[in-house]
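As you go down the protein sequences, you meet chains A and B in turn.
Everything in the first sequence is counted per our numbering, starting at 1 for the first residue and increasing by one.
Everything in the second sequence is counted per our numbering, starting at 1 for the first residue and increasing by one.
No residue lacks a Cβ here, since even glycine has one placed at the ideal position from N, Cα and C.
What follows is a set of notes on a single structure, which appears directly below.
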Amino acid sequence: MSAQATVPQVHSGSLSWGVHPDDRKQLSADAPIEVLPTPAQVRVPLLQHLGAPNEAVVKPRTAVAWGDVLGRSDAFVSAPVHAPIAGKTARVGAVTLPNGRRVAAVPIKADGEQVEGRALFDAIYGGPWPHDEIPDDPRAIVAAVREAGIVGLGGAAFPTHVKLSVREDRPIHTLILNGAECEPYLTADYRLMLEAPEPIVAGALAAARAVGAQQIAIAIEDNKPAAIGEMKRAVAGTPIRVVELTTRYPMGGERQLIYAVTGLVVPTGGLPLDVGVVVMNVGTAAAVARAVLRGKPLTHRIVSVTGEGIATPKNLLVPIGVSYAELVACCGGLTPDATRAVAGGPMMGFTLGSLDIPVTKGTSGLTVLTDSTIKKAPETNCVRCGRCVDVCPIRLVPTRIALAARHKAWDIARAYHITACIECGCCAYTCPANIPLTQLIRMGKAELPRS
Amino acid sequence: MHDEFRTLEATAESAGGAAPMPALRVAPSPHIADPSLTTARMMIDVLIGLAPVIAMSVWVFRWYAVLQIVIATLSCLAAEALATSMRRRALTLGDFSAAVTGVILGLSLPWSAPWYVGVIAGFIAIGLGKAVFGGLGYNVFNPAMVGRAFVMIAFPGALGAAAYQAQGVALHVVTEATPLTLAKQSAIATDWWPLFLGTVNGSLGETSALACLLGGLWLCLRRTASWEIPASIVGTVAVLAGIGQLVRPDSPMTLAHHLLGGALLFGAFFIATDPVTSPLTFRGKVVFGIGIGVLVWLIRTFSGYPEGVMFAVLVMNAVTPLLNRWVYPDPLGGPAPAPKS
Ligand code: SF4
Ligand code: SF4
Chain A
1 MSAQATVPQV HSGSLSWGVH PDDRKQLSAD APIEVLPTPA QVRVPLLQHL GAPNEAVVKP
61 RTAVAWGDVL GRSDAFVSAP VHAPIAGKTA RVGAVTLPNG RRVAAVPIKA DGEQVEGRAL
121 FDAIYGGPWP HDEIPDDPRA IVAAVREAGI VGLGGAAFPT HVKLSVREDR PIHTLILNGA
181 ECEPYLTADY RLMLEAPEPI VAGALAAARA VGAQQIAIAI EDNKPAAIGE MKRAVAGTPI
241 RVVELTTRYP MGGERQLIYA VTGLVVPTGG LPLDVGVVVM NVGTAAAVAR AVLRGKPLTH
301 RIVSVTGEGI ATPKNLLVPI GVSYAELVAC CGGLTPDATR AVAGGPMMGF TLGSLDIPVT
361 KGTSGLTVLT DSTIKKAPET NCVRCGRCVD VCPIRLVPTR IALAARHKAW DIARAYHITA
421 CIECGCCAYT CPANIPLTQL IRMGKAELPR S
Chain B
1 MHDEFRTLEA TAESAGGAAP MPALRVAPSP HIADPSLTTA RMMIDVLIGL APVIAMSVWV
61 FRWYAVLQIV IATLSCLAAE ALATSMRRRA LTLGDFSAAV TGVILGLSLP WSAPWYVGVI
121 AGFIAIGLGK AVFGGLGYNV FNPAMVGRAF VMIAFPGALG AAAYQAQGVA LHVVTEATPL
181 TLAKQSAIAT DWWPLFLGTV NGSLGETSAL ACLLGGLWLC LRRTASWEIP ASIVGTVAVL
241 AGIGQLVRPD SPMTLAHHLL GGALLFGAFF IATDPVTSPL TFRGKVVFGI GIGVLVWLIR
301 TFSGYPEGVM FAVLVMNAVT PLLNRWVYPD PLGGPAPAPK S
């Protein structure tokens, strides 16, 4: 059987499940990327990815330059962390990340000459990105990506070099760059596609070479026509195709994206590589380009600081490890009615109990919501309207699973495939009875006995 | 050394700015909900969908219709208030579900029903049909149909075929029997145009196919009613009645009678689509609809009753919990792999 014959052509796509929340992107969509002034200090968590934690490799009170390695691990599924600013380290302390995990972090006090403002933006996203300088050897590309500490910047924070390391028995035919940015409010990827399409294209070519993909697609939701135009212009002369997606949450979920663009279904419990596809966020691709072509690590990222609870929503280029409080201060502070600060978007993000938490590689945004945006009608009994069933992108029966989880009826929860839930939030978003379906299912997945 | 880290943390805190910090609350995602979807909103949708049906019934049956609808609705509201206060629960009139039950019940009665029939049906609908199961969401049977079935058995004279017909009333339509009775017992076929428009005898809400289609299609567009249910009911009856007409071309129960006469459209759009008592999944809804369609056709064709929508819905309501357990889809990507032990 020839693998060639079974490769489906990438195409524009749509999703018949999911929901269509008011995207509120207008709050920050037109704010050009601004560079956050160098903070007085950062705290760089040693574990920002899915996988093994890093060991600190710098002593306290040592001077570090921008890009120096702060922590690394020998484990394959891990990603080193680097100094985002020049300065002096302090003793490793603990920070609590938005997902509730307490991890060690290396504090750095800013000291000495810093690259700032436009110069910083240009160093990371500007300048030429010569495609012919991408190494021919896939292993060289993977090694550069690994050394740069790149993880999925869309939020999952899975080490990118692991994704790019192809296994013999699992050939990859398609690379999809995820520019869907389907979470409401967030505009970080949108601004990046508008303002720095070239490194995205270069990163896509490098990643495709690393995995040996025959086709590359950049998938963008059709509510971002400017980004589609800009990317189409940037891919001219390359084999990359820009495909439009209908706007629907959770289009940016890996499974949904692969289904919409190729028609392939990733098996439950499996990975995209099981169907020969690698999905990579557009921001990740830009980081890959910088690692491969310039040998520079991932130390900064773009964060949308937005929501009705933020005085002046902005898209900021920030050093990893900076406190959310500084981002908020740079955006004019919180409005008096701000009640919920979410790391990420409102559908899947984690709330912050305090703003004194460092930004990590996986932070795509800070969405601050007000009482009026999160207001809910009181919960009633399930009226069995089936809307949760209609919207579930995995085709589950959320009401049965959630109520089984609430009553700890684990065999029912399992019979209805509780573990296949991707926690996208569509069912809870849509439920007219306002039952916290996703929350109950998530809790159930955590409590589910092993057998 | 340890202190040094503390200081760093403390300075980071103060970097938040001078403005007083609003209290940030922690909660699991998702953090937003569709503001246009609430239980009450769905029920109000149904009332809006019923508006053309109510209007048509008032036009055809004048104040008889007004009276029946008002009596049934007030009885249901009173019964709901009584039931919730007996169970010491917060009053649930605000979810409008009792009002929906009342209006549908009123529309399913004949114009001539004595006032106490509506009252008893209302109290039975809410009390036996809903409250004893634990309230909205837990009931197995459509409450309005429970109420109607009860009075139909308790007061056969007031709800039988004869109750529809009367002479000497200032209503033109009631001088003749209902179209299905006419077809069944006297082999007289009514023209399809009056059937479609609704200027014929029958229960208050069922006569006008036009009004049911208008309100029902709107409900489906709003997705308050699942289109799968009316589509499969009407489709099934159309197929069976079509075959019947081919086999017995001389029968007065024509395809048009099956589809436009009686309570088929009213039942398909407004009764069978009650979310609580119909299945959750696409396949479940289709099986449910086909079941109702087959039962309606069987009862109309072979039983002594001219109409079968009520019994068909009640029977399929009883099957719904089973359907929910039988027909649910595998997740996209296949069943979840067994847990590793
Ligand atoms: S959306 Fe809510 S009310 Fe409707 S079936 Fe699902 S859980 Fe029940
Ligand atoms: S059950 Fe899970 S996958 Fe399905 S809609 Fe709800 S959160 Fe999303």
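Say the cut is 6 Å; is the CB of residue i nearer than that to a heavy atom of ligand 1?
i        : result
A/Ala433 : yes
A/Cys385 : yes
A/Cys469 : Any answer about residue 469 of chain A is impossible in this case: the structure gives chain A only from 1 up to 451.
B/Thr224 : no
A/Cys388 : yes
B/Thr92  : no
B/Thr273 : no
A/Thr399 : yes
Confirm the yes/no value for this check: CB of residue i, any heavy atom of ligand 2, distance under 6 Å.
i        : result
A/Pro346 : no
A/Glu447 : no
A/Thr438 : yes
A/Ile258 : no
A/Ile422 : yes
A/Cys392 : yes
B/Leu298 : no
A/Cys426 : yes
A/Leu396 : yes
Is there a C-beta anywhere in chain C that falls below 7 Å from the one on residue i?
i        : result
A/His417 : You won't find chain C in this structure, because its protein chains are A and B.
Chain A partners of residue i, CB-CB under 9 Å?
i        : result
B/Ser370 : Residue 370 of chain B falls outside the range modelled here, since chain B spans only 1 to 341, and no answer is possible.
Comparing C-alpha positions only, which one of the options sits nearest to residue i?
i        : options                                : result
A/Glu195 : A/Ile172, A/Val266, A/His131, A/Val282 : A/Val282
A/Arg126 : A/Ile33, A/Leu205, A/Pro53, A/Gly87    : Checking the sequence, you will find Gly at residue 126 of chain A rather than Arg. When each option's Cα is compared against that of A/Gly126, the closest is A/Ile33.
A/Thr96  : A/Tyr324, A/Val81, A/Gly252            : A/Tyr324
A/Lys314 : A/Ile418, A/Ala63, A/Thr187            : A/Thr187
A/Ala422 : A/Ala409, A/Leu403, A/Val397, A/Trp410 : The identity of residue 422 of chain A in the sequence shown is Ile, whereas the question assumes Ala. A/Ile422 has its Cα closest to that of A/Val397, out of A/Ala409, A/Leu403, A/Val397, A/Trp410.
B/Pro30  : A/Arg442, A/Glu447, A/Ala446           : A/Arg442
A/Leu245 : A/Leu177, A/Leu192, A/Arg102, A/Ala202 : A/Leu177
B/Thr281 : B/Phe311, B/Gly261, B/Leu322           : B/Leu322
A/Asn99  : A/Leu440, A/Gly353, A/Gly425           : A/Gly353
A/Ile401 : A/Arg395, A/Cys392, A/Ala413           : A/Ala413
B/Thr73  : B/Thr92, B/Ile48, B/Val103             : B/Val103
A/Asp111 : A/Ala104, A/Ala56, A/Gln9, A/Thr62     : A/Thr62
A/Gly93  : A/Asn434, A/Leu440, A/Pro358           : A/Pro358
A/Ile218 : A/Arg118, A/Val288, A/Gly179           : A/Gly179
A/Asp136 : A/Arg102, A/Val292, A/Leu366           : A/Val292
Along chain A, which residues have their Cβ under 7 Å away from the Cβ of residue i?
i        : result
B/Arg148 : Result: empty, since nearest Cβ-Cβ is about 21 Å, beyond 7 Å.
B/Val276 : Val383, Arg384
B/Val26  : Thr351, Gly353
B/Ser226 : Gly386
B/Asp95  : Thr380
B/Arg283 : None at all; the shortest Cβ gap to chain A is about 11 Å.
Under 8 Å by Cβ, that's how I've got residue i and residue j pegged, so tell me the actual separation to the nearest angstrom.
i        : j        : result
A/Leu327 : A/Leu316 : 6 Å
B/Ile32  : A/Pro432 : So it is not a contact: roughly 15 Å between Cβ atoms.
A/Gly154 : A/Thr247 : Their Cβ separation, rounded to whole angstroms, is 17 Å, which puts A/Gly154 and A/Thr247 out of contact at 8 Å.
B/Ala27  : A/Thr351 : 6 Å
B/Arg300 : B/Leu180 : 7 Å
A/Pro250 : A/Pro39  : In fact, because the Cβ distance is near 33 Å, the residues do not count as touching under 8 Å.
A/Val383 : A/Cys426 : That belief does not hold up - the Cβ atoms of A/Val383 and A/Cys426 are roughly 18 Å apart, past 8 Å.
B/Met42  : B/Thr224 : 5 Å
Note down, in chain order, every chain A residue with its Cβ under 8 Å from the Cβ of residue i.
i        : result
B/Leu280 : Arg384, Gly386, Val389, Val397, Thr399, Arg400
B/Arg88  : In chain order: nothing, as chain A lies at least about 16 Å away.
Kindly list, in the order they appear in chain B, the residues whose Cβ is closer than 8 Å to that of residue i.
i       : result
A/Ala56 : The premise fails here: A/Ala56 is roughly 13 Å from chain B at the closest Cβ pair, so nothing lies under 8 Å.
Below 7 Å on C-beta distance, what does residue i contact in chain B?
i        : result
A/Val266 : Gly333
A/Lys376 : Ala33
What in chain B is Cβ-close to residue i, meaning under 9 Å?
i        : result
A/Thr339 : Pro22, Ala23, Leu24, Arg25
A/Arg209 : Within 9 Å Cβ-Cβ: nothing; A/Arg209 doesn't reach chain B, min ~29 Å.
Do the stretch 57 to 64 of chain B and the stretch 83 to 93 of chain B make contact, defined as three or more Cβ pairs closer than 8 Å? Touching, no.
Pairing CB atoms from the stretch 204 to 216 of chain A with CB atoms from the stretch 164 to 178 of chain A, are three or more of them under 8 Å? The stretch 204 to 216 of chain A makes contact with the stretch 164 to 178 of chain A: 3 or more CB pairs, one atom from each, lie closer than 8 Å.
Three or more C-beta pairs under 8 Å: does that hold for the stretch 232 to 245 of chain A against the stretch 18 to 33 of chain A? Judged by Cβ distances under 8 Å, the stretch 232 to 245 of chain A makes no contact with the stretch 18 to 33 of chain A, as fewer than three pairs qualify.
Whether or not the stretch 47 to 64 of chain A and the stretch 358 to 370 of chain A are in contact is what I'm after, with contact meaning three or more pairs of Cβ atoms, one per stretch, closer than 8 Å; do they touch? The answer is yes - the stretch 47 to 64 of chain A touches the stretch 358 to 370 of chain A, with three or more Cβ pairs under 8 Å.
For the 8 Å Cβ check, are there 3 or more pairs between the stretch 283 to 303 of chain B and the stretch 222 to 232 of chain B? Yes, they touch.
Contact between the stretch 96 to 113 of chain B and the stretch 62 to 75 of chain B: three or more CB pairs below 8 Å? Contact between the stretch 96 to 113 of chain B and the stretch 62 to 75 of chain B is present: three or more C-beta pairs spanning the two stretches fall below 8 Å.
Does the count of Cβ pairs from the stretch 170 to 188 of chain B and the stretch 235 to 247 of chain B closer than 8 Å reach three? Judged by Cβ distances under 8 Å, the stretch 170 to 188 of chain B makes no contact with the stretch 235 to 247 of chain B, as fewer than three pairs qualify.
Counting pairs of Cβ atoms below 8 Å between the stretch 259 to 272 of chain A and the stretch 286 to 298 of chain A, do you hit three or more? Touching, no, given that fewer than three Cβ pairs across the two stretches are closer than 8 Å.
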